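Sequences listed follow chains A and B, in order.
At the far end of the first sequence sits residue 414, using my numbering, and the numbering has no gaps.
At the far end of the second sequence sits residue 322, using my numbering, and the numbering has no gaps.
For every residue, glycine included, the Cβ atom is placed at its ideal position computed from N, Cα and C.
Source: prediction; values computed, not measured.
Okay, structure first, notes after.
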Amino acid sequence: MKIHEYQAKELLKKFNVPVLFSKVVFGADEAGKVAYEDFMQKGINTVVVKAQVHAGGRGKGIMHNTETNEQVQLFDKPLRGVNVIHGNNIADKVYQIASNMLNNKLVTIQTGTAGSVVRRILLEEGVGIAKEFYAGIVLDRQTGKNTIMCSTEGGVEIEKVAEETPEKILKEQVEPSLGLQGYQARRLGFGLGLSGEPFKNFLSFIKNLYKAYESLDCSLLEINPLVLTEDGKIIALDAKMNFDDNALFRHPDYLDLRDTHEESPLEVEASKFDLNYIKLDGNVGCMVNGAGLAMSTMDLIQLSGGNPANFLDVGGGANPDRIANAFRIMMSDPNVKAVLINIFGGIVRCDKVADGIVQALQSVDVHIPVIVRLDGTNAEEGAETLKKSGMKFKVAKNFEDAAKKVTEVVASVA
Amino acid sequence: MSILVNKKSRVIVQGITGSEGTFHTAQMIEYGTKVVGGVTPGKGGQDYNGKGESIFKKPVPIFNTVKEAVEKTLADVSIIFVPPQAAADAILESIDAGIKLIVTITEGVPTRDMIKVNSALKQSNARLIGPNCPGIITPGECKIGIMPGFIHKQGTVGVVSRSGTLTYEAVKQITDMGLGQSTCIGIGGDPIIGTQFLDVIKLFNEDPDTEAIMMIGEIGGNAEETAADFIKKNVNKPVIGFIAGRTAPPGRRMGHAGAIISGGKGTAAEKIKALQEAGIYVVESPAHIGITVANALKSKKPKIKKTKKTVTTKVATLKKTK
Chain A
1 MKIHEYQAKE LLKKFNVPVL FSKVVFGADE AGKVAYEDFM QKGINTVVVK
51 AQVHAGGRGK GIMHNTETNE QVQLFDKPLR GVNVIHGNNI ADKVYQIASN
101 MLNNKLVTIQ TGTAGSVVRR ILLEEGVGIA KEFYAGIVLD RQTGKNTIMC
151 STEGGVEIEK VAEETPEKIL KEQVEPSLGL QGYQARRLGF GLGLSGEPFK
201 NFLSFIKNLY KAYESLDCSL LEINPLVLTE DGKIIALDAK MNFDDNALFR
251 HPDYLDLRDT HEESPLEVEA SKFDLNYIKL DGNVGCMVNG AGLAMSTMDL
301 IQLSGGNPAN FLDVGGGANP DRIANAFRIM MSDPNVKAVL INIFGGIVRC
351 DKVADGIVQA LQSVDVHIPV IVRLDGTNAE EGAETLKKSG MKFKVAKNFE
401 DAAKKVTEVV ASVA
Chain B
1 MSILVNKKSR VIVQGITGSE GTFHTAQMIE YGTKVVGGVT PGKGGQDYNG
51 KGESIFKKPV PIFNTVKEAV EKTLADVSII FVPPQAAADA ILESIDAGIK
101 LIVTITEGVP TRDMIKVNSA LKQSNARLIG PNCPGIITPG ECKIGIMPGF
151 IHKQGTVGVV SRSGTLTYEA VKQITDMGLG QSTCIGIGGD PIIGTQFLDV
201 IKLFNEDPDT EAIMMIGEIG GNAEETAADF IKKNVNKPVI GFIAGRTAPP
251 GRRMGHAGAI ISGGKGTAAE KIKALQEAGI YVVESPAHIG ITVANALKSK
301 KPKIKKTKKT VTTKVATLKK TK
């Protein structure tokens with residue numbers, strides 16, 4: 001699960017990770033008012049206006065009009081996802097930027113051309129920056145330990161640094177039974193070339209950051225850039241925080257942090273029924289039990305000349321209700337021109353699955369070819385149920401046969 | 001005839017009285033697995049017969065703790081069906097009680113918990129399979145998991161996989177070719193798992209009755225690459241590999257918590273390349289798993305040089321002769 005920068009910063013504050021004064025706003029009038037009352041009147045004369053979307057690359061991203069798809073121009077240049085305002089008339093400028101950002105879409109290297117619609121804006125005080133760093137924490141799957149990474153190359157894509165100059169990434173693995181040790185924090189601090197007061201500030205920063213990562217059940221926590229200010233402070237200027245979905249039961253409060261606007265509407269709908277659905281760009285929908293088999297089914301569709309329209313795992317033990325809901329969600333994607341249902345009956349019996357499919361098709365209007373492949377437990381009884389239903393299924397005997405039928409169908413709808 | 005488990009394995013079930021635990025215990029007993037006890041804290045002291053449609057062939061004694069169960073039954077394997085909130089604790093309890101093989105079926109165990117478990121495992125002699133896996137089966141001897149027993153057949157192909165139903169698919173394709181399996185292990189799809197491809201492949205390599213190894217991987221992480229490196233240097237049996245997820249988009253978690261391409265790493269293309277370089281027979285289409293295994297066994301050549309071409313032509317020839 002992903003959250004916004006402003007939400008991550010609120011959480012980090014609770015762990016004494018230093019962040020700047022900021023306020024989130026949802027409307028342009030509100031943006032102007034907050035800029036005036038909470039910034040100008042308090043003597044803050046630099047405000048950073050940051051679009052809040054889950055995708056990265058916001059600083060370089062450009063705002064586009066949601067309807068015309070044209071770039072949004074403001075103050076004689078394209079409006080970006082992050083803007084620094086200072087001098088006089090801050091409130092007025094913030095108001096103008098906010099009204100041009102809200103409900104328009106931000107296109108960044110990570111969003112693709114579709115972009116992400118901006119619905120929330122963070123106003124943050126400006127700060128004099130002496131140096132920019134990178135700090136991140138993530139699980140190292142090979143060792144099964146959390147790894148802290150720091151780099152002097154802040155503010156740029158860390159993947160790029162890892163590829164081009166891997167020696168510039170400092171790593172410390174945290175021993176689970178011991179926790180982050182002082183010498184590890186010092187090694188990182190010295191590695192970044194810090195000394196004196198900034199060094200001390202970094203030590204407490206990195207310890208608190210790790211504490212936050214662990215306590216909050218994060219799967220990723222990235223501060224990029226982490227900055228050293230002109231007056232020697234260490235501050236998290238940005239924050240990217242992802243949570244381990246498996247640990248959500250420990251944090252019921254995270255539900256309030258979910259922003260469903262950032263997810264595809266069909267995916268949000270699917271999550272209500274506990275279905276694992278990911279929308280893709282193809283034309284052949286697929287519904288499968290089990291994640292590995294679902295991925296292979298997508299692969300098979302591509303090998304057969306089609307393109308998968310989605311990943312959809314109805315779970316190892318698919319029941320008729322889930323299948324009906326899954327079918328409805330898959331059919332709501334207008335790109336879907338054919339459907340492949342691939343169920344391997346293990347514990348779940350194919351005849352039950354077939355009942356579910358027939359039931360589902362009675363409540364959903366289907367005008368496109370449906371290929372069904374049932375194998376495993378009670379597969380023959382399942383095939384019989386499908387035949388008896390009088391509906392036009394293409395019943396595939398096995399995986400190979402399913403591939404052949406997909407190829408035929410794809411050729412006929414192309 | 002197998003690795004890790006056989007007809008002598010003495011199994012206890014943690015979470016036996018829950019609905020999943022009950023259902024699968026009945027199925028395991030039906031298959032012939034020696035289920036010698038169950039653990040449900042607070043329900044110790046009774047004999048459990050199952051419930052609803054899942055009635056056991058014979059009652060199973062219930063214990064409050066794993067330690068007590070091990071003392072009374074001499075169990076050496078445990079299978080865990082407890083909910084994710086309690087799964088790490090259940091695994092740690094089994095490690096503490098001296099269980100040698102712990103199979104964890106539970107899906108959705110938090111990573112933070114598994115980091116702790118992983119650390120405890122390294123300081124013990126126990127082996128963990130899973131979590132979030134279908135378990136382990138030695139066909140004809142014992143089934144310690146949730147896989148459908150009837151698709152399996154005794155034989156010489158060792159199967160190891162990160163997936164559940166995809167493993168069943170592969171096993172059935174192998175069985176349909178008239179071949180059987182020595183042991184099949186689902187190692188699980190989570191970022192932290194107790195047993196890796198590498199561990200299982202080492203065991204299959206040493207098992208005299210395993211003649212070929214089928215490895216079913218997927219996108220995410222680099223466990224397949226690590227295994228491929230070992231195979232290249234140490235394995236002289238034919239190895240067949242399949243990687244699921246070549247159409248998966250980067251940055252999206254494909255069902256399994258571990259199945260994600262992040263930072264451009266863990267793609268299917270990268271893994272397939274590593275497999276090919278190790279001389280592994282790479283299955284291109286998931287529909288050709290069985291036939292590729294049959295061909296690899298027939299060729300008797302442990303390794304191949306031009307994987308892609310060799311295999312596809314062979315598939316074509318075999319189809320014609322059919």
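Cross-chain neighbours of residue i in chain B, by beta carbon under 8 Å
i: residue 294/A; result: 254 and 255
i: residue 415/A; result: Lying before the first or after the last residue shown, residue 415/A is absent from chain A, which here runs from 1 to 414.
i: residue 302/A; result: 246 and 247
i: residue 29/A; result: None at all; the shortest Cβ gap to chain B is about 35 Å.
Amino acids of chain A, ordered along the chain, whose beta-carbon sits closer than 9 Å to that of residue i
i: residue 54/B; result: Within chain A, no residue comes near residue 54/B; the closest Cβ sits about 11 Å away, beyond 9 Å.
i: residue 189/B; result: 291 and 292
i: residue 41/B; result: Correct list: empty, because the minimum Cβ distance to chain A is about 20 Å.
i: residue 259/B; result: 291, 292 and 295
i: residue 218/B; result: 291, 292, 295 and 296
i: residue 332/B; result: Residue 332/B lies beyond the range of chain B shown here (1 to 322); nothing can be said about it.
Residue i: first and last residue of the uninterrupted alpha helix (DSSP H) it sits in
i: residue 323/B; result: As shown, chain B starts at 1 and ends at 322. That puts residue 323/B outside it, with no answer to give.
i: residue 70/B; result: 66-73
Which listed residue (the options) has its alpha carbon closest to that of residue i
i: residue 15/B; options: 115/B, 64/B, 3/B and 45/B; result: 64/B
i: residue 60/B; options: 97/B, 219/B, 17/B and 290/B; result: 17/B
i: residue 98/A; options: 121/A, 113/A and 115/A; result: 121/A
i: residue 82/B; options: 108/B, 98/B, 241/B and 96/B; result: 108/B
i: residue 391/A; options: 363/A, 294/A and 223/A; result: 363/A
i: residue 271/A; options: 252/A, 62/A and 329/A; result: 329/A
i: residue 230/B; options: 190/B, 185/B, 262/B and 280/B; result: 280/B
i: residue 129/A; options: 301/A, 107/A, 24/A and 228/A; result: 228/A
i: residue 53/A; options: 75/A, 90/A and 102/A; result: 102/A
i: residue 144/A; options: 129/B, 115/B and 145/B; result: 115/B
i: residue 213/B; options: 102/B, 290/B, 100/B and 88/B; result: 290/B
i: residue 251/B; options: 110/A, 401/A, 26/A and 221/A; result: 110/A
i: residue 396/A; options: 296/B, 287/B and 298/B; result: 287/B
i: residue 10/A; options: 236/A, 335/A, 1/A and 291/A; result: 236/A
i: residue 199/B; options: 176/B, 180/B and 223/B; result: 223/B
i: residue 6/A; options: 413/A, 195/A, 22/A and 351/A; result: 22/A
i: residue 340/A; options: 334/A, 321/A, 307/A and 349/A; result: 307/A
CB-CB length for residue i against residue j, believed under 8 Å
i: residue 385/A; j: residue 358/A; result: 6 Å
i: residue 39/B; j: residue 73/B; result: At roughly 10 Å, the Cβ-Cβ gap does not stay under 8 Å, so residue 39/B and residue 73/B are not in contact.
i: residue 103/B; j: residue 135/B; result: 5 Å
i: residue 261/B; j: residue 220/B; result: 7 Å
i: residue 32/B; j: residue 184/B; result: Incorrect: roughly 16 Å between the Cβ atoms, too far for contact.
i: residue 313/A; j: residue 294/A; result: 5 Å
i: residue 190/B; j: residue 132/B; result: 5 Å
Run of the beta strand (DSSP E) containing residue i, from where it starts to where it stops
i: residue 107/B; result: From DSSP, residue 107/B is part of no beta strand (DSSP E); its letter is neither H nor E.
i: residue 287/A; result: 284-288
i: residue 370/A; result: 370-376
i: residue 222/A; result: 218-229
i: residue 177/A; result: Taken as a continuous stretch (DSSP letters only), residue 177/A belongs to no beta strand (DSSP E), as it is neither H nor E.
i: residue 196/A; result: Where residue 196/A is concerned, there is no enclosing beta strand (DSSP E), although the alpha helix (DSSP H) it sits in stretches over 196-215.
i: residue 218/B; result: 212-218
Neighbour list for residue i in chain D, Cβ cutoff strictly below 8 Å
i: residue 112/B; result: Given the protein chain composition of this structure (A and B), no chain D is represented.
Chain A residues whose Cβ lies nearer than 7 Å to that of residue i
i: residue 151/B; result: 376
i: residue 147/B; result: 346
Contacts that residue i makes with chain B (C-beta to C-beta distance below 7 Å)
i: residue 145/A; result: 115
i: residue 340/A; result: Going along chain B, no residue has its Cβ under 7 Å from residue 340/A, so there is no contact; the nearest lies around 12 Å.
i: residue 400/A; result: 287
beta-carbon residue i near the ligand NAP non-hydrogen atom, thresh 6 Å
i: residue 86/B; result: Ligands displayed in this structure: none; no statement on the ligand NAP is therefore possible.
Chain-ordered chain B contacts of residue i [CB-CB under 9 Å]
i: residue 139/A; result: 111, 115, 191 and 192
i: residue 403/A; result: 285, 286 and 287
i: residue 253/A; result: What residue 253/A touches in chain B: nothing, since even the nearest Cβ is about 16 Å away.
In the stretch 268-282 of chain A, which residues sit with their C-beta less than 7 Å from some C-beta in chain B, listed in chain order?
Of all residues in the stretch 268-282 of chain A, those with a C-beta nearer than 7 Å to a C-beta of chain B are 276, 278 and 280, reading in chain order.
If contact means a Cβ-Cβ distance below 8 Å, which residues of the stretch 174-200 of chain A contact chain B?
For the stretch 174-200 of chain A, residues whose beta-carbon sits nearer than 8 Å to a beta-carbon of chain B comprise 175, 176 and 177.
Could you run through the stretch 95-120 of chain B and flag, in chain order, every residue whose CB is less than 7 Å away from some CB of chain A?
If you check each beta-carbon in the stretch 95-120 of chain B against every beta-carbon of chain A, the ones closer than 7 Å belong to 108, 109, 110, 111, 112, 115, 116, 118 and 119.
Near-chain B residues of the stretch 360-378 of chain A - C-beta to any C-beta below 7 Å
From the stretch 360-378 of chain A, only 375, 376 and 377 have a Cβ closer than 7 Å to chain B.
What residues in the stretch 158-177 of chain B have a beta carbon less than 9 Å from any beta carbon of chain A?
Contact residues of the stretch 158-177 of chain B toward chain A are 161, 162, 163, 164, 165, 166, 167, 168, 169, 172, 173 and 176 (C-beta to C-beta distance below 9 Å).
Report the residues of the stretch 117-142 of chain B with a CB closer than 7 Å to any CB of chain A, ordered along the chain.
For the stretch 117-142 of chain B, the set of residues with a beta-carbon nearer than 7 Å to any beta-carbon of chain A comprises 118 and 119, in chain order.
Listed in chain order, which residues of the stretch 72-96 of chain B have Cβ atoms closer than 8 Å to some Cβ of chain A?
Identification of residues in the stretch 72-96 of chain B having a C-beta nearer than 8 Å to some C-beta of chain A yields 84 and 85, given in sequence order.
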